[in-house]
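Read through the structure below, which is laid out as structure tokens, and then see the notes.
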Amino acid sequence: MGFLNLRALRWKVALLTATACCAVATVVGLLVHEATAEHGQRAGDDRVATQLLAAEREFQRTGVRPEAASLMTPDELPGPLARAVAERQPDTYATWYDVKEPNWYWLWAAVPVEGDRVLVVRTDMSAEVRSLQLLDRSIVKAVLAALLVVVPLAALATEPMNRRLRHGARTARRIAGGDLDARIGRRGRARDEITELSDAVDAMAGALQARLEAEKQFTADVAHELRTPLMGLITSAGLLAEDDEAAGLVRERVATLRGLVEDLLEISRLDAGAERARLDEVPLGELVTDVIRRGPHGGGSTQVVVEDTEVVRTDPRRVERIVTNLVANAHRHGAAPVSVTVTGSRIVVRDHGPGFPAGLLAAGPQRFRTGAPGHGHGLGLTIALGQARVLGARLVFANAPEGGAEAALELPPAVT
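Taken in order, the sequence shown gives residues -25 to -1, 1 to 391; the numbers are from mature numbering (1 follows the signal peptide of the UniProt record, and there is no 0).
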């Protein structure tokens, strides 16, 4: 996961941090703005009140309009100020803050004097307004500067956590890929939710490994325990009369049981990792053609198409085992026509039946699990997959878009 991936956890944490910073800055900025505005308003009120009181005293003493004041009739007053004068309490004065053009940012104060005349003074509030605007801009700049520092730091601060999560994800993928010895393990002294998740994944992998090992051991034990009595059963079946129908059925069932035991023994060897490939250079097209011709499904029931005849370095016996099992599975569970196509170092076996079941495509072939009960034991594809791993090849199961199952064996690169 790249550092600039905007969906990464680090940027989500950084976004959360930035949001929290903006929220705190907004609240603090509003409080400071309101406090500063209130302070400026009080200063203006004190200033205009002082001017009005001085002007009123001078007018009462001299009867002449002071130079810093104006004498107006109620009709000459601005509308809001006239209403404030009319609604004021006795022995008080009226004020009005003009924030509209053309006389904005002026604070007016008025008090009735003689007759219907009103003594009016005003003070300029533009200095307070500019100070408040400058404060607001300073707050915004400070917040932006803080974000430029906090967001990258938050992203960097989450990197150790991200590294642990990525390590856990890689390990989980290794376990899913079959490496049951992989473990996340504990890193450092952290005792947090990631540690709990790592311990849970490791415990799950350990339990899964123990269960699979027990299953493999059980399969091997059953195969070995059946081998000795099976040999006696085969010998006994051979003593039965050749022309007896019942004896023929017994021999047929014994042969089936023998094949099952041999498959189980082969799987146990594959599980134990005891199999080793004996590599040789062979023309793949000729090898596959010969395998189909000699196999139980030759004679025209399986179509072979060789698009080229590359020479590959592989184990012919294991390739034969894989191809034979794939073709047998296609005839048993699929429908005609069944074809085998060789292209370079790739072999594709396809039928035109219902296709592989969804469970097999998702989890791969598993022993004693088939798409239809009573149709085989699921060992043929399991053996084919195990033999492909011994060869270092890749066996892919899929359903063709036009219908039918398709198994592709991709051998290592051909010899050049």
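In this text, a Cβ means the ideal position worked out from N, Cα and C, and glycines have one as well. It should be emphasised that the depicted structure is a prediction, and the values quoted were computed from it without experimental measurement.
Report the CB separation of residue i from residue j in whole angstroms; it is logged as a contact under 8 Å.
i       : j      : result
Val74   : Phe34  : Their Cβ separation, rounded to whole angstroms, is 28 Å, which puts Val74 and Phe34 out of contact at 8 Å.
Glu256  : Arg292 : Between Arg292 and Glu256 the Cβ distance is about 14 Å, and since that is not below 8 Å, they are no contact.
Gly19   : Glu103 : 6 Å
Tyr80   : Asp99  : 7 Å
Leu384  : Ala373 : Not really, about 12 Å apart at Cβ, beyond 8 Å.
Leu201  : Val229 : With 8 Å as the limit, Leu201 and Val229 do not qualify as a contact, their Cβ atoms being about 12 Å apart.
Val266  : Val317 : Between Val317 and Val266 the Cβ distance is about 11 Å, and since that is not below 8 Å, they are no contact.
Asp290  : Gly319 : No, Asp290 and Gly319 are not in contact; Cβ-Cβ is about 18 Å, not under 8 Å.
Leu239  : Leu187 : The pair is not a contact, with the Cβ atoms about 16 Å apart (cut-off 8 Å).
Ala305  : Val324 : 6 Å
Thr146  : Arg158 : 7 Å
Cys(-4) : Val125 : Wrong, their Cβ atoms sit about 10 Å apart, outside the cutoff.
Using the Cα positions of residue i and residue j, report the straight-line distance between them to the nearest angstrom.
i      : j      : result
Gly274 : Arg268 : 7 Å
Arg226 : Met179 : 46 Å
Ser45  : Pro127 : 60 Å
Ile297 : Pro332 : 20 Å
Arg63  : Asp50  : 17 Å
Val95  : Thr1   : 39 Å
Glu261 : Ala382 : 19 Å
Phe193 : Val176 : 25 Å
Pro135 : Gly339 : 36 Å
Arg162 : Arg139 : 8 Å
Gln362 : Val294 : 8 Å
Gln16  : Thr170 : 57 Å
Arg97  : Met47  : 13 Å
Asp91  : Gln108 : 39 Å
Leu110 : Leu5   : 11 Å
Ser106 : His142 : 54 Å
Pro329 : Val302 : 15 Å
Glu241 : Ile358 : 7 Å
Val26  : Glu13  : Checking the displayed sequence, the identity of residue 26 turns out to be Gln instead of Val. The straight-line gap from Cα to Cα measures roughly 20 Å.
Lys191 : Glu250 : 15 Å
His272 : Arg307 : 11 Å
Pro348 : Gly355 : Reliability fails at Pro348, whose pLDDT of 49 lies under 50, so the model's placement of it is uncertain and the value that follows must be treated cautiously. Approximately 15 Å between the Cα atoms of the pair.
Asp21  : Ser101 : 16 Å
For residue i, which residues of its own chain have a beta-carbon under 8 Å away from its beta-carbon, when the five flanking residues on both sides are left out?
i      : result
Ala59  : Ala69, Thr70, Trp71 and Ala85
Gln278 : Pro312, Val313, Ser314 and Val315
Leu30  : For the sequence presented, residue 30 should be read as Ala rather than Leu. Contacts found: Pro41, Ala43, Ala44, Leu94 and Val96.
Asn137 : Met(-25), Ala(-18), Leu(-17) and Arg(-16)
According to DSSP, is residue i helix, strand or coil?
i           : result
Phe34       : helix
Phe372      : strand
Pro348      : Unreliable positioning characterises Pro348 in this predicted model, as indicated by a pLDDT of 49, which lies under 50. A coordinate reading is not provided.
Ile159      : coil
Pro329      : coil
Arg63       : coil
Leu224      : helix
Met47       : strand
Pro53       : coil
Leu94       : strand
Trp81       : strand
Ala380      : strand
Thr318      : strand
Ser73       : Rather than Ser, the amino acid found at residue 73 in this sequence is Asp. Asp73 falls in the strand class under three-state DSSP.
Pro312      : coil
Val176      : helix
Arg253      : coil
residue 394 : Nothing can be reported for residue 394, as the shown portion of the chain is limited to -25 through 391.
Asp283      : coil
Might you give, ordered along the chain, the residues of its own chain that have their beta carbon closer than 7 Å to the beta carbon of residue i, omitting 5 neighbours on each side?
i      : result
Ala129 : Val(-13), Ala(-12) and Thr(-9)
Ala24  : Ala84
Ala310 : Asp326, His327 and Gly328
Leu56  : Ala69, Trp71, Trp83 and Ala85
Leu360 : Gly339, Pro340 and Leu370
Gly270 : Thr299 and Val302
Pro258 : Thr284 and Val286
Ignore the nearest five residues each way along the sequence and tell me which others in residue i's own chain have a CB closer than 6 Å to its CB.
i      : result
Ile114 : Gly4
Leu215 : Ala222
Arg244 : Glu250
Asp174 : none
**Message:** Could you check whether the stretch 117 to 124 touches the stretch 138 to 152, counting it as contact only if at least three pairs of C-beta atoms, one from each stretch, sit closer than 8 Å?
**Reply:** Between the stretch 117 to 124 and the stretch 138 to 152 there are fewer than three inter-stretch CB-CB distances shorter than 8 Å, so the stretches are not counted as touching.
**Segment contact, 8 Å Cβ cut-off, at least three pairs: the stretch 174 to 191 with the stretch 217 to 225** = In short, these stretches do not touch, since the Cβ pair count stays below three.
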